[in-house]
Amino acid sequence: MLVDFEVVRRAQKGDSAAFNEIVLAYRQRTMGTIGRLIARNEDVEDVAQEVFLRLYFSLDQLRAPEVFEPWLYRLTVNAAYDYLRKQRRRPEFRMSDLSEQQVMMADAVAGGKAEHDEQQKKKLRETVDSLLGAVSEADRVLLLMKEVEGLSLRELEKIYQVKENALKVRLFRARQRVLKAFETAERENENG
Amino acid sequence: MYTTQGGDDKLDSLLRAYRAACSEAEPSANFMPDLWRRIESRRNFTFSFQHMVRGFVTAVAAVTIAIGVYVSLPRATPPAPEVTYLEALAEANSLDTPENVGPVRLEFNETGPMN
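These protein sequences, in sequence, are chains V and C.
If you're matching positions, the first sequence starts at 1 in the working numbering and goes up one per residue.
If you're matching positions, the second sequence starts at 193 in the working numbering and goes up one per residue.
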């Protein structure tokens with residue numbers, strides 16, 4: 001927890017200073033998560049504000065301060081979903097989207113061989129975004145929360161309110177699809 | 193299926209590199225003021241909406257009560273007839289009433305065909 005439970009309790013009672021403290025503690029992390037989920041830096045702040053707006057009006061529904069973080073993650077994921085639904089501009093995966101250079105770079109990064117500058121970072125992001133386009137929106141978000149945000153299955157269970165086994169199955173299938181897309185891109189690259 | 197351990201490791205490395213490559217957006221100086229502006233705006237909207245709904249519900253309740261009172265009020269009913277239906281009918285259509293059942297009157301003027 002980035003803030004004490006007491007701060008959450010005070011915010012629940014309508015203490016604006018406590019709410020500000022929560023926002024200041026969590027906004028950077030929330031914006032990072034949103035940035036990875038929506039992949040559009042210019043809209044990250046707007047979506048993050050929407051998350052804290054929803055938090056403000058739903059704090060009284062929070063059962064216990066102990067579950068605050070999964071609660072905030074859930075609000076974040078939902079706000080990101082809503083944004084993506086409105087925008088409908090999620091990158092679709094097409095093999096032809098990945099240039100030979102991108103596949104080689106991704107391969108080198110995956111093998112731990114590449115030092116990457118800003119330009120390469122941008123290409124890497126585009127490549128992974130394209131690969132993640134091989135799975136559904138929901139699976140992409142789940143995969144990012146697990147593999148990129150680094151949340152445990154137990155944490156995801158609290159966020160999604162779904163049994164751990166169901167999440168495992170879903171994650172496994174999503175990983176398989178992304179791996180298959182990666183493999184296909186590599187094979188096409190090898191065949192020229 | 194792409195199930196090799198090597199494939200999994202590659203994907204893990206790629207996703208780790210992806211996380212490192214994602215630049216985190218910095219909150220602008222207006223983040224907090226804008227957030228509070230949105231909160232206030234939503235709060236005002238919610239307040240107005242609740243106010244409106246409350247007014248509407250009160251009006252509906254008042255109209256319902258008014259209709260209920262109106263319907264339940266005793267009406268000034270006509271007194272029960274002291275004569276039977278048939279008596280009333282007979283009275284209304286009395287045999288003395290010439291225009292209905294009296295003998296047909298034939299009027300002859302002086303220049304009529306009989307002359």
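Think of the CB as a built atom: it goes at the ideal place given N, C-alpha and C, for glycine as much as any other residue.
- request: Scan the segment 220-243 of chain C for residues whose Cβ lies nearer than 9 Å to a Cβ of chain B and list them as they occur along the chain.
  value: Absent from the structure: chain B. Protein chains present are V and C.
task: List the residues of chain V whose Cβ lies closer than 8 Å to the Cβ of C/Y262, in chain order.
output: Taking the second sequence and counting its residues from 1, one reaches residue 262 of chain C at position 70. Near C/Y262 there are no residues of chain V at all, since even the closest Cβ is about 43 Å away, more than 8 Å.
Where the alpha helix (DSSP H) containing C/N222 begins and where it ends: As a first step, residue 222 of chain C is located in the second sequence; it is residue number 30 there, counting from the start. Segment: none, C/N222 is in no alpha helix (DSSP H) and carries neither H nor E.
field: CB contact check: V/R187 to chain C, cutoff 7 Å
entry: The sequence position of residue 187 of chain V within the first sequence is 187, counting from 1. No, no contact with chain C.
message: Which residue marks the beginning of the alpha helix (DSSP H) containing V/L144, and which one marks its end?
response: Within the first sequence, numbered from 1, the residue matching residue 144 of chain V stands at position 144. First-last for V/L144: undefined, no H or E at that position.
query: Applying the criterion that 16 or more other CB atoms from any shown protein chain within 10 Å of the CB defines a buried residue, is V/V135 buried or exposed?
result: Position 135 of the first sequence, counted from the first residue, corresponds to residue 135 of chain V. Under this definition V/V135 is a buried residue.
Proximity winner among V/E137, V/V141, V/R29 and V/V3, relative to C/A217 (alpha-carbon distances): The sequence position of residue 217 of chain C within the second sequence is 25, counting from 1. It is V/R29.
query: Are the beta-carbon atoms belonging to V/L131 and V/V178 less than 7 Å from one another?
result: As a position in the first sequence, residue 131 of chain V is number 131, starting the count at 1. As a position in the first sequence, residue 178 of chain V is number 178, starting the count at 1. It is a contact, given that the beta carbons lie within the stated cut-off.
- prompt: What is the residue span of the alpha helix (DSSP H) that V/P70 lies within?
  reply: Walking along the first sequence from the start, residue 70 of chain V turns up at place 70. That run of the alpha helix (DSSP H) goes F68 to Q87.
- request: Taking C/A209 as the reference, give the member of V/V162, V/R125, V/Y73 and V/F5 with the closest Cα.
  value: One-based indexing of the second sequence puts residue 209 of chain C at position 17. For the set V/V162, V/R125, V/Y73 and V/F5, the Cα lying nearest the Cα of C/A209 is the one of V/R125.
query: Run through DSSP, which three-state label would C/G198 get?
result: Start at 1 with the first residue of the second sequence, and residue 198 of chain C comes out as number 6. Under the three-state reduction of DSSP output, C/G198 falls in the helix class.
field: Straight-line Cα distance separating C/L206 from V/R154
entry: By one-based count along the first sequence, residue 154 of chain V stands at place 154. By one-based count along the second sequence, residue 206 of chain C stands at place 14. Answer to the nearest angstrom: the Cα atoms are 24 Å apart.
message: If you follow the alpha helix (DSSP H) that V/D4 is in, where does it begin and where does it stop?
response: Within the first sequence, the letter at position 4 stands for residue 4 of chain V. Unbroken run through V/D4: none, as it is neither H nor E.
Close beta carbons around V/D60, own chain, < 7 Å, minus the five adjacent residues each side: The residue you call residue 60 of chain V lines up with position 60 of the first sequence. Counting only Cβ-Cβ distances below 7 Å, and skipping sequence neighbours, we find Q12.
query: Taking buried to mean at least 16 other C-beta atoms within 10 Å of its own C-beta, is V/Y73 buried or exposed?
result: Start at 1 with the first residue of the first sequence, and residue 73 of chain V comes out as number 73. That one is buried.
task: State buried or exposed for V/M145, treating a residue as buried only when at least 16 other CB atoms are found within 10 Å of its CB.
output: For the purposes of this step, residue 145 of chain V is identified with residue 145 of the first sequence, where counting begins at 1. V/M145 is classed as buried because its beta carbon has at least 16 other beta carbons within 10 Å across all chains shown.
task: Please go through the same chain and pick out, in chain order, the residues whose beta-carbon is closer than 6 Å to the beta-carbon of V/I34, but skip the five residues on each side of it.
output: Translated into positions along the first sequence, residue 34 of chain V becomes position 34. Excluding sequence neighbours, V/I34 sits near V44, V47, A48 and A80.
field: Touching by the beta-carbon criterion (3+ pairs, under 8 Å), the segment 225-236 of chain C and the segment 166-174 of chain V
entry: no
DSSP three-state assignment for C/T276, whether helix, strand or coil: Working through the second sequence from its first residue, we reach residue 276 of chain C at position 84. Three-state result, C/T276: coil.
message: Just checking: is the beta-carbon of V/G32 within a distance shorter than 7 Å of some beta-carbon in chain C?
response: Locating residue 32 of chain V in the first sequence gives position 32, where the first residue counts as 1. V/G32 counts as touching chain C.
query: If the cut is a Cβ gap below 8 Å, which residues of chain C does V/N41 touch?
result: On the first sequence, position 41 is the one that residue 41 of chain V refers to. Against V/N41, the close residues of chain C are S215 and A217, in the order they occur along the chain (beta-carbon pairs closer than 8 Å).
query: Can you find a CB in chain C that lies within less than 7 Å of the CB of V/L142?
result: Residue numbering aside, residue 142 of chain V sits at position 142 when the first sequence is read from its first letter. It does not; no Cβ of chain C falls within 7 Å.
message: In whole angstroms, give me the CA-to-CA distance for C/G260 and C/A254.
response: In the second sequence, residue 260 of chain C corresponds to position 68, counting from 1. In the second sequence, residue 254 of chain C corresponds to position 62, counting from 1. Going from the Cα of C/G260 to the Cα of C/A254 covers about 10 Å.
query: Counting contacts by CB-CB distance shorter than 7 Å, is V/R173 in contact with chain C?
result: Position 173 of the first sequence, counting from 1, holds the residue named residue 173 of chain V. Not one chain C Cβ lies under 7 Å of V/R173.
query: Name the chain C residues whose beta carbon is nearer than 8 Å to that of V/V20?
result: Locating residue 20 of chain V in the first sequence gives position 20, counting from the first residue. Note that residue 20 of chain V is Asn in the sequence shown, not Val. Chain C residues near V/N20: M224.
task: List the residues of chain C whose Cβ lies closer than 9 Å to the Cβ of V/F57, in chain order.
output: Taking the first sequence and counting its residues from 1, the one referred to as residue 57 of chain V is at position 57. In chain order: I231, R234, R235 and T238.
- prompt: Nearest chain C C-beta to V/V8 closer than 7 Å, yes or no?
  reply: Within the first sequence, residue 8 of chain V is the residue found at index 8, counting from 1. Interface flag for V/V8 against chain C is unset, since no Cβ pair is found closer than 7 Å.
- prompt: I think V/L53 touches C/R234, with their Cβ atoms under 8 Å apart; what is that distance to the nearest whole Å?
  reply: Position 53 of the first sequence holds residue 53 of chain V. Position 42 of the second sequence holds residue 234 of chain C. With 8 Å as the limit, V/L53 and C/R234 qualify as a contact, their Cβ atoms being about 6 Å apart.
message: Let me confirm a value: C/I212 is counted as buried when at least 16 other C-beta atoms fall within 10 Å, else exposed. Which label applies?
response: Counting from one through the second sequence, the residue named residue 212 of chain C turns up at place 20. Sequence check: residue 212 of chain C is Ala here, not Ile. That one is exposed.
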